[in-house]
Amino acid sequence: MSDQTSRDKLQEIEAARTSVMDEGRPDAVAKRRAQGMATARERIEQFVDRDSFREVGALVEPDRSNELNRDLVAPADGVITGTGKVAGREVSIIAQDFTVYGGSIGTAADLKAGRLVQRGLERGLPMVMMLEGGGHRIQDGMNAAHFAAASPIFHTISKMSGWVPNVVAIMGQGFAGPTAYASLGDFVVMIRGKSTMGIAGPALVKAGTGLDITKEELGGAKRQADEQGIADLAVDTEEECLEAIQKFLSYLPQNAGQPLPIIPCDDPVDRQDDKLLDLVTANSRKVYDVRKVIKSIADVDSMFELKPGFARNIVTCFARLNGRPVGFFANQPLRKGGILDVPACEKAAHFIALCDAFGLPLVSLIDIPGISIGPAAEDTGIGRRSGRLFFEMGIATVPRVSVVLRKGYGGGYYAMGGGRAFDADAAFAWPTAEICAMSIEGAVDVAYKKKYLAADDPDAVRTEMIDNIKSQTGALDAARDFGIDDVIDPRDTRRRLIETFASCPARRPDNSPPRVRPISPI
Amino acid sequence: MAAIEVRSEVAGNVWLVEASPDTNLEEDDVIVVLESMKMEIPVTAPSKGKLTQILVSKDDMIAEDQVIALMEI
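Chains A and B are the protein sequences, given in the same order. Heads up: the first sequence is residues 63 to 584, going by my numbering. Heads up: the second sequence is residues 12 to 84, going by my numbering.
Okay, structure coming up:
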């Protein structure tokens with residue numbers, strides 16, 4: 063028996079560890095440099111508070127049990143896992159190492175990731191995945207003895223949903239596996255010109271369908287962030303990507319059992335911005351940028367927009383009100399008149415779910431011409447998909463305030479939480495509000511066409527009818543029958559929101575019947 | 012320099028042509044204003060660049076996703 067102790071053995075252990083670190087892999091690091099990319103370990107170091115990362119599983123060896131994988135050399139099996147602190151708060155981190163068989167997910171890598179996700183779930187830690195790779199490792203996966211068992215990781219990640227924030231950064235190629243992880247993410251970030259996402263990459267698309275397409279065209283940020291919204295944000299650099307994640311997490315508690323991170327605020331509660339008096343005209347033909355309204359109301363520089371390039375007819379953003387994180391969703395007249403189409407409904411519905419899960423009060427700013435109509439809209443399944451917005455509003459238990467800036471028309475007004483539709487803690491309207499069941503011109507043409515066509519001067523009669531209706535759809539009319547709580551000076555919106563949320567409990571009791579779960583329309 | 016197409020997000024009529032060809036635009040500068048859904052909806056420059064051509068005129072009917080101008084960025 064050897065009488066060696068740890069003192070003697072440590073050198074061997076540290077040599078093994080160094081061999082999988084960047085300093086032990088100069089060729090791999092040089093390759094990354096040539097590509098203008100950071101290593102997985104550098105990304106983690108940049109992301110977490112100094113010296114706070116605690117790795118597990120660095121010393122694993124890859125599976126070498128079959129013909130294809132017998133000779134694999136795979137440091138840490140191509141994934142770095144552990145915990146680190148971000149602004150003093152602990153998070154779980156999974157970072158795929160593209161220099162190890164293209165970031166492919168090996169058997170040991172899956173075990174490491176699975177254990178980390180499970181531990182994070184038990185401890186209530188946010189999950190951050192920095193992904194770059196091609197999915198399942200072919201050398202491990204092309205035999206049923208291995209693949210039949212699949213992996214429980216999606217089961218575990220699903221359990222995590224709504225409990226801890228789940229962030230996915232696609233930091234390079236992210237077809238297949240990374241996209242599958244991202245499909246369950248609460249916040250997905252891409253880097254323009256570098257990141258790609260999709261069910262399969264160009265090679266498989268070519269083999270399966272014959273189509274020639276570049277990876278950027280197939281799954282770049284333009285398609286996946288701006289056009290499809292499966293990523294919440296596209297940024298220009300790795301640094302911006304990591305900063306965006308830090309910022310996203312700063313609005314959220316560690317898990318749904320923790321209180322909101324309310325920070326000190328020196329922006330006065332009663333700050334009044336005269337710009338708000340003229341930004342929205344009662345003339346509903348004129349458009350404006352609703353982001354200016356949010357910026358003005360929220361604490362200075364606190365607005366963080368999610369999906370800014372996707373479904374721009376609705377704006378969804380985190381912001382703070384007197385230091386308290388809140389979620390704004392607002393119709394954007396500047397884009398498509400602010401109409402609610404399928405992408406806008408899904409963007410808002412997902413955002414409401416995110417805010418509700420983590421306790422952020424909701425503010426809806428309403429200027430809605432309606433829900434999208436016509437055959438093209440029906441072909442998108444709008445009749446069903448718009449229902450998710452009602453659904454999410456209906457099951458939410460966070461405080462919520464609605465503010466009608468101008469148009470509050472039809473089902474869209476309900477979906478945005480106007481009036482008493484979803485028991486808002488406060489339902490406000492600006493003086494420019496105009497609230498009714500549908501567009502006024504449309505209503506006159508549907509219900510009174512025969513009448514005005516029979517008149518001597520149909521145009522004059524039609525105009526008179528429209529004016530008559532307009533005279534009973536204003537803010538004071540809305541207040542008269544107590545459909546809303548108050549008509550407010552736009553400059554007081556900030557103060558009224560802050561006061562309302564300060565007086566509401568963080569959650570209202572869930573008075574649902576004793577069901578096991580509700581069923582989302584989509 | 013890359014040529015890009017500026018497309019309309021909505022169907023409508025051209026109500027105003029705001030910008031002129033051969034001018035430099037900032038991102039979000041208005042190129043034309045459409046009348047759609049009883050509103051004046053701007054079609055804006057998707058990024059900073061030079062407006063090379065406007066392909067529509069006042070009162071034209073525009074389909075959703077129609078190219079209304081060309082730019083070089």
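The C-beta atom is built at its ideal place from N, Cα and C for all residues, glycine as well.
{"Item": "Can you check whether the C-beta of B/Lys69 is within less than 8 Å of a C-beta belonging to chain A?", "Value": "no"}
{"Item": "Would you say A/Arg397 lies against chain B (beta-carbon separation less than 8 Å)?", "Value": "yes"}
{"Item": "Below 7 Å CB to CB, which residues in the same chain sit around A/Gly86 once its five sequence neighbours on both sides are set aside?", "Value": "Thr80"}
{"Item": "Tell me the rounded alpha-carbon separation between A/Glu194 and A/Ala242.", "Value": "12 Å"}
{"Item": "Name, going along the chain, the residues of the stretch 496-520 of chain A whose beta-carbon falls closer than 7 Å to a beta-carbon of chain B.", "Value": "Ser501, Glu503"}
{"Item": "Run down chain B in chain order and give the residues with a C-beta less than 9 Å from the C-beta of A/Lys348.", "Value": "Met50, Glu51"}
{"Item": "Would a check of beta-carbon distances place B/Ser31 closer than 8 Å to chain A?", "Value": "no"}
{"Item": "Measure the C-alpha to C-alpha separation of A/Gly445 and A/Ile433 and round it to an integer number of angstroms.", "Value": "9 Å"}
{"Item": "Checking 8 Å against the spacing of the C-beta atoms, do A/Lys174 and A/Asp294 come in under that value?", "Value": "no"}
{"Item": "So with Cβ pairs under 8 Å, would you call A/Ile325 a contact of chain B?", "Value": "no"}
{"Item": "Between A/Pro431 and chain B, is there a C-beta pair that is closer than 8 Å?", "Value": "yes"}
{"Item": "Taking C-beta pairs closer than 9 Å, name the residues in chain B that A/Ile401 reaches, listed in chain order.", "Value": "Val21, Met48"}
{"Item": "Locate the alpha helix (DSSP H) running through A/Tyr510, then write down its first and last residues.", "Value": "No alpha helix (DSSP H) holds A/Tyr510; DSSP gives it neither H nor E."}
{"Item": "If distances are taken between C-alpha atoms only, which option among A/Gly481, A/Gln201, A/Gly281, A/Lys409 comes closest to A/Gln394?", "Value": "A/Lys409"}
{"Item": "Report yes if the CB atom of B/Ile79 is closer than 8 Å to the CB atom of B/Ser58, and no otherwise.", "Value": "no"}
{"Item": "Less than 8 Å between the CB atoms is what I'm expecting for B/Val44 and B/Glu51, so what's the real figure, rounded?", "Value": "5 Å"}
{"Item": "Cutting at 6 Å between CB atoms, please list the residues of its own chain near A/Val251, excluding the five before and the five after it.", "Value": "Ala231, Leu295, Cys303, Ala306"}
{"Item": "May I ask you to report which of helix, strand or coil DSSP gives A/Glu194?", "Value": "coil"}
{"Item": "Under DSSP, the alpha helix (DSSP H) around A/Gly203 begins and ends at which residues?", "Value": "200-203"}
{"Item": "May I have the straight-line CA-CA distance separating A/Leu187 from A/Gly224, to the nearest angstrom?", "Value": "12 Å"}
{"Item": "In the DSSP assignment, the beta strand (DSSP E) including A/Tyr476 goes from what residue to what residue?", "Value": "Note, A/Tyr476: premise wrong, no beta strand (DSSP E); alpha helix (DSSP H) at 472-477."}
{"Item": "Have a look at A/Val226 and A/Phe109 and give me their C-alpha separation to the nearest angstrom.", "Value": "18 Å"}
{"Item": "Say the cut is 7 Å; is the CB of A/Glu104 nearer than that to a heavy atom of the ligand MG?", "Value": "Ligands are entirely absent from the displayed structure, and the ligand MG is therefore not among its contents."}
{"Item": "So who's on the other strand from A/Leu402, going by DSSP bridges?", "Value": "A/Ile433"}
{"Item": "I'd like the span of the alpha helix (DSSP H) that includes A/Met99, first residue to last.", "Value": "Segment: none, A/Met99 is in no alpha helix (DSSP H) and carries neither H nor E."}
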